[in-house]
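Trainee:
Residue numbers (the numbering used here): 3 to 157.
So, in structure tokens, the structure goes:
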């Protein structure tokens with residue numbers, strides 16, 4: 003991968019400005035016109051703004067953009083790698099209003115990239131940083147577990 007120009011980020015394969023001094027990653031994404039990460043609490047409490055930095059799920063509202071050296075992947079940038087997750091979320095009614103869905107899908111992608119061999123309880127714990135006010139979480143966990151099972155079977 004080519005070296006980035008100073009004060010820039012690579013987001014979903016594109017190079018974008020990293021924002022002004024002190025900008026959070028979420029602020030930089032917004033300034034670049036990228037809205038896949040939702041702006042909600044602004045304090046790292048809800049997970050609506052979750053993106054991948056490298057393979058690590060982070061809450062972009064609390065991460066200084068200037069500290070990001072790896073590729074940033076939003077829900078929009080997951081592409082076909084998360085097609086099964088998106089389908090499972092729909093099949094299991096894992097979203098109602100949909101506001102938290104991008105952050106939930108990004109977190110789930112990170113959880114499953116780390117291991118598809120997690121137990122249901124481990125998935126519950128791994129997903130706990132993302133808040134959903136509509137579903138009660140069972141459907142979200144059901145969807146992630148279904149994808150984990152499917153990916154295990156496909157190995």
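Every residue gets a Cβ at the ideal spot worked out from N, C-alpha and C, and that includes glycine.
Within a Cβ cutoff of 6 Å, which residues of the same chain sit near residue 90, ignoring the five residues on either side of it in sequence?
Mentor: Contacts found: 145, 148, 149.
Trainee: Check whether the segment 70-79 and the segment 122-141 touch, using three or more Cβ-Cβ pairs below 8 Å as the test.
Mentor: Cβ pair count under 8 Å is below three, so no.
Trainee: Is residue 124 close to the ligand FAD? I mean its beta-carbon at under 8 Å from any heavy atom of the ligand.
Mentor: The ligand FAD is not among the ligands present in this structure, which contains no ligands whatsoever.
Trainee: Judging by CA-CA distance, which residue of 110, 65, 25 is the nearest neighbour of residue 87?
Mentor: Ranking the options by Cα distance to residue 87, first place goes to 110.
Trainee: Nearest to residue 85 by CA position, among 72, 65, 66, 108, is which residue?
Mentor: The option with the nearest alpha carbon to residue 85 is 108.
Trainee: Using the three-state DSSP reduction, which class does residue 20 fall into: helix, strand or coil?
Mentor: It is coil, neither helix nor strand.
Trainee: At which residues does the beta strand (DSSP E) containing residue 55 begin and terminate?
Mentor: Note, residue 55: beta strand (DSSP E), 52-55.
Trainee: With burial defined as no fewer than 16 other Cβ atoms inside 10 Å of the residue's Cβ, what is the status of residue 62: buried or exposed?
Mentor: Residue 62 is buried by the Cβ-count criterion.
Trainee: Taking the alpha-carbon positions, what's the residue 43 to residue 119 distance?
Mentor: Whole-angstrom Cα-Cα distance: 32 Å.
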